[in-house]
Each structure stands twice: as structure tokens, then as C-alpha cells.
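So that you can map any letter, position 276 of the sequence shown is 276 in full-length UniProt numbering, and since no number is skipped, the others follow by simple counting. Glycine included, each C-beta is placed from N, C-alpha and C at the ideal position. Please read the structure below before turning to the comments.
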Amino acid sequence: MQFQSYWHATSTPFAAAERGPVEGKVDVVVIGAGFTGLNAARKLAREGVSVAVLEARHVGFGGSGRNGGHLNNGMAHGYGEAKAHLGESRAKALWQAYDRSIDMIEDVIAEEDIACDFRRCGKLKLASKPSHVAGLRANFETIHREVDADTRFLEKHELADEVGSEQFHGGMLYGKSAMMHMGRYVTGLADAAHRHGARIWEDAPVIGRTRDGGGWLIETPKGSIRAERVIAATNAYSNSVGKAPLGFFKKRIISVGSFIVATRPLSDAEIAATLPGNRTYVTSMNIGNYFRLSPDKRMIFGGRARFSATSDQSSDAKSGKVLRAALTEMFPQMAKVELDYCWGGMVGMTKDRFPRAGEADGMLYGMGYSGHGAQMSTLMGQVLADMAMGRNDTNPLRGLDWPKVPLHSGKPWFLPLVGMYFGLKDRIS
């Protein structure tokens with residue numbers, strides 16, 4: 001078994017990174033070469049704005065290359081909960097923004113000719129307990145009536161054609177949801193941004209940011225660059241570079257580990273016995289699982305295996321054992337199927353699990369996707385590019401307050417307690 005992201009292992013790395021020192025002057029510096037930062041750079045470069053991207057590791061190193069491969073519309077909340085928290089108008093606008101971002105991903109793929117196996121497959125949210133059915137059905141009825149008619153509720157007897165497991169008791173089907181190969185998409189975005197004129201430096205963590213006249217001097221171990229505006233697109237990895245001048249975000253982003261395994265390629269008979277619907281799937285548990293088939297017919301199966309950060313191979317191996325047990329419990333027919341890949345990544349959570357985009361501490365930012373970044377980040381990249389060019393009317397999160405997480409300064413010491421709480425909720429709900 002390989003302890004690396006399947007998306008990294010099965011895509012061609014970005015090959016056009018700058019080879020020389022970080023230097024010069026640009027209109028905009030983007031910190032982070034994931035979906036958010038790269039689409040911001042692509043949009044800016046297409047508009048004739050000079051832009052540089054500074055990436056601490058390599059293109060797609062973070063969440064954009066470590067996720068479960070889902071492009072699911074909808075939010076991290078029930079729609080009724082979102083309305084209660086945000087108000088009906090903003091909740092509806094945010095819901096529609098997720099739809100719009102998936103549409104934008106599809107458009108970008110076509111515009112830039114990115115081969116990444118994009119497909120509208122639909123997402124099926126599965127009721128893991130009989131007691132979850134009523135709540136899932138009520139959420140479906142509200143969503144179907146108010147914001148998304150392309151949804152359907154499936155009774156337990158209708159699940160046989162979708163998923164080969166006896167664990168589930170009903171499901172909500174979201175027709176607009178999609179999937180793609182995340183590694184090929186992020187490389188394609190970087191290639192497109194470079195082709196339009198963006199300069200991209202890898203292995204260039206930002207370690208300093210100081211005022212320079214009306215703009216900024218951005219420092220890295222490879223040199224310094226001047227810019228009029230700065231975009232922070234670091235999400236869960238805002239906390240991972242110790243010297244990065246990202247203190248505002250470190251106190252507001254909770255970095256939570258999410259872990260994933262990928263099986264060997266499955267036969268057609270094995271697919272028919274496990275995931276005949278070939279969709280993206282998520283369960284209704286608080287500490288749940290998500291799964292799908294890869295383009296080469298592997299099952300990609302993930303979840304919050306442990307409430308800890310991914311740190312090394314040993315950490316990921318422990319999480320892989322937890323996921324293997326969950327996979328086998330859900331699909332006993334998969335007990336002897338080998339696992340080829342195991343990896344972990346960080347999810348950038350906010351206290352209320354709503355994303356944020358705006359301006360603070362002299363930087364534009366888009367992050368806090370709370371497990372829904374693969375689908376939302378492409379749109380947020382364009383929003384940030386618009387903001388850098390003085391257009392402020394495209395941000396669905398404009399004006400949404402972002403308070404600090406109490407007693408949090410970047411290291412989420414409280415995660416084991418959170419895991420115990422949600423584990424107890426799952427046992428008694």
C-alpha cells in the first residue's frame with residue numbers, strides 16, 4: 001500500500017513552475033496554489049492583471065489534492081439550519097453559489113481543455129439509521145420546494161440499484177452533484193493560469209509581509225516580491241507554515257484531519273455488488289464516511305477516521321486501519337479487497353461551518369470551506385479575483401462576520417473532545 005494521495009500519484013505534476021528566485025513586482029500576489037488560488041490567478045491573468053502565486057510545497061499539495069473527489073452541491077448544514085442561522089435570503093444565495101461553482105468548474109474545464117474525468121453523477125446522502133430518515137426527508141422536502149427541484153427522496157427499497165449495503169434506510173439524491181479527478185484538475189488550473197501569464201513559484205512559503213508604500217513586500221526563503229494586493233488562499237493550511245503572516249486566519253480556522261483509502265481497481269462484478277449507482281455517496285452520521293468510484297474503478301473511501309491531524313505515514317496508517325474496518329462493516333463483500341493507497345489531508349473548518357470570503361489584515365481571503373471546498377473553491381477564486389479588481393458584488397459571503405474560535409490559536413487541542421462529543425451523538429441518535 002502506498003501512503004500518498006491517489007490524486008497525486010495518478011496525475012502529471014505541474015511542470016512550469018518558476019526556476020529562479022522570487023523577485024519583481026506584480027499587481028497581485030496569491031498565497032496558495034490550490035483551487036482557490038489558482039482560479040484567482042487564472043482569472044486575473046486573463047484580465048491582464050500581473051499576478052504571482054507562492055506555494056509552500058507544490059501545486060495541489062494541500063486540500064485540493066487530498067480530498068475525496070466529490071463536487072457535491074448543497075452545504076455542510078441542513079438547509080433549514082442554514083436559514084435559521086443566515087436568514088432565508090442569504091441561505092438561498094449561498095446554496096445557489098455552490099450550484100454555480102460546479103457549473104463554473106464545468107465551464108473552466110471546457111474553456112481550458114482540462115482532461116480530468118468530470119462527470120455529473122449525482123450525490124446520494126444515505127440515512128445510516130432508521131431514526132435519521134425523518135430528518136433527511138424533512139430536509140429534502142424543504143430543499144426540493146425552496147431551492148433545488150433537481151432532488152429526489154429514495155426509500156429503503158429503492159437503494160438496491162444504488163449501493164450494495166444493508167446499512168442504509170433511505171436517501172436523498174442531489175442531481176446536480178459531480179465528480180472529477182482532482183489531481184488532473186488542479187494541474188490543469190495551474191497550466192491555464194501559467195498560459196495566461198501568471199507566474200507560479202513552488203517551495204516558496206511566505207515567511208514575511210510588510211508594508212511597502214501603498215502595497216506589500218512579500219518574503220519567502222527564495223526571495224521577495226512586491227505587490228499592490230495580496231490574496232490568502234490557504235484554508236486549512238493557514239496553520240501549517242509557522243512563520244507565515246496569517247495570524248488572523250489561524251485564530252478562526254480549525255484544521256481537522258480527514259483520511260482516505262483507495263482500493264485496487266474493482267471488477268465489473270465487484271462494482272455491481274457495491275456501488276452500482278456510480279455516484280458520490282455520503283452517510284448521515286456526524287462522524288460519517290464518503291465514497292465513490294475513481295476513473296480507473298477503485299473505491300475511494302474516506303472519513304474522519306480520527307480527530308487528529310495527518311502528520312506522517314504512521315498517523316495515516318492508523319487512520320487507514322479505522323477506514324478499512326468501516327469499509328468492511330459497510331461492505332462485507334470487500335473484506336479481502338486490497339487497499340492500494342492511504343492518505344490524509346486537512347479540512348479547514350470554521351466554528352459555524354460556513355465558509356468566509358472578504359478582506360482582513362490587509363489581505364483578501366477565501367477559505368473555511370468546512371469539507372465542501374472542492375466544489376466551492378473555484379467560484380471563490382473568481383470572487384477574490386473580482387475583489388482584487390475592485391468588483392465587490394459577486395461575493396455571496398460579503399459582510400458575514402467571522403469571530404475568533406475561543407481559546408484557539410492555531411493548534412486545535414480540543415479536537416479529541418469534539419470527537420468524543422460527536423461519537424456519543426452518533427451512538428444515541
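CB of serine 238 within 7 angstroms of CB of isoleucine 253, strictly: yes
Enclosing beta strand (DSSP E) for arginine 226 [first to last residue]: 223-232
Lysine 411 - DSSP class collapsed to helix/strand/coil: coil
Between the CA atoms of phenylalanine 249 and asparagine 395 - distance to the nearest angstrom: 19 angstroms
Local Cβ density within 10 Å of arginine 391, reported as buried at 16 or more and exposed below that: exposed
Where the beta strand (DSSP E) containing serine 258 begins and where it ends: 254-263
Coil, strand or helix - tyrosine 421 by DSSP: Since pLDDT at tyrosine 421 reaches only 44, below the 50 mark, its modelled position is unreliable, and no value is offered.
DSSP three-state assignment for alanine 357, whether helix, strand or coil: strand
Per DSSP, the bridge partner or partners of cysteine 121: Answer is none; cysteine 121 lacks a bridge partner.
Buried versus exposed, by CB contacts within 10 Å (16 or more), proline 245: buried
Cβ-Cβ distance between threonine 350 and glycine 371 below 7 angstroms: no
Short Cβ contact (7 angstroms threshold) for isoleucine 200 with valine 22: no
Span of the alpha helix (DSSP H) around asparagine 39: 35-46
Ranges of the alpha helix (DSSP H) found wholly within the region 357-399, counting only runs of at least 4: 373-388
Chain-order list of residues whose beta-carbon lies under 7 angstroms from that of cysteine 116 (same chain, five-residue window excluded): Ile109, Met180, His181, Arg184, Tyr185 and Gly188
Bridge partner(s) assigned by DSSP for alanine 178: Leu71 and Arg120
The region 280-298 in contact with the region 378-390 per 3-pair CB rule at 8 angstroms: no
DSSP-derived helix/strand/coil call for alanine 52: strand
Terminal residues of the beta strand (DSSP E) in which phenylalanine 301 lies: 299-303
Helix, strand or coil at tryptophan 201 [DSSP, three-state]: strand
Nearest candidate by alpha-carbon position, reference leucine 384, set Lys176, Gly164, Gly366 and Cys121: Gly366
Same chain, Cβ closer than 7 angstroms to arginine 353, neighbours up to 5 away in sequence not counted: Ala76, His77 and Ser370
CB-CB length for phenylalanine 259 against aspartate 191, believed under 8 angstroms: At roughly 29 angstroms, the Cβ-Cβ gap does not stay under 8 angstroms, so phenylalanine 259 and aspartate 191 are not in contact.
C-beta neighbour in chain B for lysine 404, strict 7 angstroms: In the structure shown, chain B cannot be found, because there is only a single protein chain.
Neighbourhood of alanine 360 by C-beta, 6 angstroms cutoff - its chain only, sequence neighbours within 5 removed: Phe248
Nearest residue (CA-CA) to arginine 3, options Leu407, Gly358 and Gly344: Note on residue identity: the sequence assigns phenylalanine, not arginine, to residue 3. Closest option to phenylalanine 3, Cα to Cα, is Gly344.
Contacts around lysine 123, its chain only, beta-carbon distance under 8 angstroms, and the 5 residues preceding and following it disregarded: His70, Asn72, Asn73, Gly74, Leu173, Tyr174, Ser177, Arg279, Thr280, Tyr281 and Val282
Buried or exposed (CB count within 10 angstroms, at least 16 for buried), glycine 208: exposed
Residues bridged to threonine 280 (per DSSP): Lys123
Buried versus exposed call for threonine 210 [16 or more other C-beta atoms within 10 Å across all chains shown]: exposed
Cβ-based burial, glutamine 382 [other Cβ within 10 Å; buried from 16]: buried
Three-state secondary structure assigned by DSSP to aspartate 99: helix
Residues near isoleucine 300 in its chain [Cβ-Cβ closer than 7 angstroms; skip 5 each side]: Tyr6, Gly68, Gly69, Ile260, Ala262, Phe291, Arg292 and Ser294
DSSP bridge partner residues for asparagine 289 (one or two, in chain order): Gly303
Leucine 327 - containing alpha helix (DSSP H), residue span: 313-330
Same chain, Cβ closer than 7 angstroms to threonine 12, five either side skipped, listed in chain order: Thr187
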